[in-house]
Each structure stands twice: as C-alpha cells, then as structure tokens.
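Each remark here refers to the structure printed beneath this line.
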Amino acid sequence: MSIYTCPHCGEKTFNPFTKAMAGQLNSKGRPCKKCGKRCVNGKGATIFNAIFSVCVFATVIYIYLHPTIFEIPQVIGLILALFLVPRLVNAFFFRLTEAIRIDLP
Ligand SMILES: [Zn+2]
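Under the working numbering, the letters of the sequence shown match residues 247 to 351, in that order.
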C-alpha cells in the first residue's frame, strides 16, 4: 500500500503536493478525489511535526541567548524551515489516515 493511498476507499488519489496540503490530525484534511471523504497525515507525521517544532523553538531560544552576527538570517531560516520541513515530510513520508476532526456546517 502506497503512502498516497486513500484510507477510505483504497485508491491512490493523492500525490506529494496534495498530501503535503492535507495537514495533520488536528487539521480539516483534504477530500479524496474518488470518494470525497477527508484524509489527513497520520500520527507519525503529527508526532514528527510536534518534535520538529520543539527543536526549532529550542534552537531559536539558543540563538537568542547566544547572539551572533548571523542571528537574524538564522532565525529567518529556522522560521522558513518550520513551515517547509513539515510539508516536505508530509509529502514524502508517513501514511494518510481518516480525518477525525468533525466540523459542523
Ligand atoms: Zn477515497
């Protein structure tokens, strides 16, 4: 089973881009092209992103406490990484799962 397989209908309806945009367990997810049910990146992706965010914040605090002349570019780079890395990881790793968040209309 591919990581781009819809957990609802079993069809390979996702690609790296749509999977990256599906978000994690705490997001609304992205509807499957075939069955229309919402899918999100599962526990693995969610845990990775939580750990990654903590590491980035720890590094930002470290830079703040130990300033260098590269402080500003380093912090900008880290903030960019905070947005880009989880999306790249979602695009190429971890399985999709059913969206559990229910949004009332
Ligand atoms: Zn589906």
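Just so you know, even glycine gets a beta-carbon here, dropped at the ideal spot from N, CA and C.
Note that the structure is predicted; figures quoted are calculated from it, not measured.
Checklist line | Test item: CB-CB of LEU334 and PHE260 under 9 Å | finding: no
Next item on the list: Go ahead and pull the three-state DSSP assignment for GLU257.
Entry: coil
Notebook entry, point to check: Taking a cut-off of 6 Å, which residues have a beta-carbon closer than that to any heavy atom of ligand 1, in chain order?
Noted result: CYS252, HIS254, CYS255, GLU257, THR259, CYS278, LYS280, CYS281 and LYS283
Item checked: For PRO313, the three-state DSSP class (helix, strand or coil) -> coil
Notebook entry, point to check: Is ARG276 helix, strand or coil by DSSP?
Noted result: strand
Item checked: For PHE271, the three-state DSSP class (helix, strand or coil) -> According to the sequence as given, residue 271 is Leu; it is not Phe. Note: LEU271 maps to coil in three-state DSSP.
Item checked: Extent of the continuous beta strand (DSSP E) run through THR223 -> The structure shown does not extend to residue 223, since the chain is modelled only from 247 to 351, so the question has no answer here.
Check: Where does the unbroken beta strand (DSSP E) through CYS285 begin, and where does it stop?
Finding: 284-287
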